[in-house]
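Participant: Below is one structure. I have some questions about it.
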Amino acid sequence: MGEKDSGTTTRHFRSLERMYLAAPINQLYEPTIEVAGGSATIEMAVSPRFFHSAGSLHGSVYFKMLDDAAFFAANSLQPDHFVLTATFTTNLRQPVTGGRLRSVGRVVEQMGRRYRAEAELFDESGERVAHGDGVFVRSRILLREATGYIE
80 MGEKDSGTTT RHFRSLERMY LAAPINQLYE PTIEVAGGSA TIEMAVSPRF
130 FHSAGSLHGS VYFKMLDDAA FFAANSLQPD HFVLTATFTT NLRQPVTGGR
180 LRSVGRVVEQ MGRRYRAEAE LFDESGERVA HGDGVFVRSR ILLREATGYI
230 E
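Per the numbering used here, residue 80 is the first one in the sequence shown, and the count goes up by one each step.
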């Protein structure tokens, strides 16, 4: 993150975590998050409330966990502005019917104001159940204007 000191960097990571947890959508999912430089890990319990009518996890939950982990990995490298998802591809590997999920995102390339990030989604036994990748771009929205982000 350039010339910022480690205290500033750590505050940025914790502020991103608070911002994530403050998002109204996360009142439904009740996830946890840990942000570091170029990476993010999100965990949550699987609930039948998230199932489609065939009794397993709806694809939107896979997407959310993958996109969120990749997004926060990218935003960890952007100290002042909110990033936006420009593209994101999700690949589902197997159904999930219970337990806990863990999504791990990491930045694989930075191209000026754009970041390419990947994420993997693991079930409770550590088996990869989905993966995805996307491009995230720096927006004009200042992080300090986002709900929950405290400098």
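For each residue, glycine too, the CB sits at the ideal point set by N, CA and C. All of these numbers come straight from a predicted model, not from anything done at the bench.
1) Are the CB atoms of V183 and T120 nearer to each other than 8 Å?
2) Below 6 Å CB to CB, which residues in the same chain sit around P174 once its five sequence neighbours on both sides are set aside?
3) How far does the beta strand (DSSP E) with E196 in it extend, from its first residue to its last?
4) Given that a residue counts as buried once 16 or more other Cβ atoms are within 10 Å of its Cβ, and exposed if not, what is Q106?
5) Can you tell me whether E82 is buried or exposed, with buried defined as 16 or more other CB within 10 angstroms of its CB?
6) Is any beta-carbon of chain B found at less than 8 Å from that of K143?
7) On the three-state DSSP scale, how would you describe N107?
8) With three or more C-beta pairs closer than 8 Å as the rule, is the stretch 186–205 touching the stretch 153–163?
9) In chain order, what residues of the same chain have a beta carbon less than 8 Å from the beta carbon of M123, not counting five sequence neighbours either side?
10) How many whole angstroms separate the CB atoms of S218 and V162, which I take to be in contact at a CB cut-off of 8 Å?
11) Just grab the DSSP bridge partners of A115 for me.
12) Using the C-alpha atoms, what's the distance from F129 back to A198?
13) Where in the stretch 132–184 do unbroken runs of the alpha helix (DSSP H), each at least 4 residues long, occur, reported from the N-terminal end onward?
Facilitator: So, from the listed chains and residues:
1) If you check the CB distance, V183 and T120 come in under 8 Å.
2) If you ignore the 5 residues before and after P174, its C-beta comes within less than 6 Å of the C-beta of S135, all in its own chain and listed in chain order.
3) In the sequence under discussion, the amino acid at residue 196 is Ala, which differs from the Glu named in the question. Start and end: R193 to F201.
4) With a 10 Å radius around the Cβ and a threshold of 16 neighbouring Cβ atoms, Q106 comes out exposed.
5) Its pLDDT being 44, under 50, E82 is placed unreliably by the model, and nothing is read from it.
6) Any reference to chain B falls outside this structure, which holds one protein chain only.
7) Note on residue identity: the sequence assigns Leu, not Asn, to residue 107. Under the three-state reduction of DSSP output, L107 falls in the helix class.
8) Verdict: yes, contact present.
9) Spatial neighbours of M123 in its own chain (CB-CB distance under 8 Å, excluding positions within 5 residues in sequence) are listed in chain order as Y108, E109, P110, T111, M144, R179 and L180.
10) Contact holds; Cβ gap of about 6 Å.
11) Note: A115 sits in a beta bridge opposite S118.
12) Each residue's Cα considered, the two are about 20 Å apart.
13) Counting only runs of 4 or more, we get 138–154.
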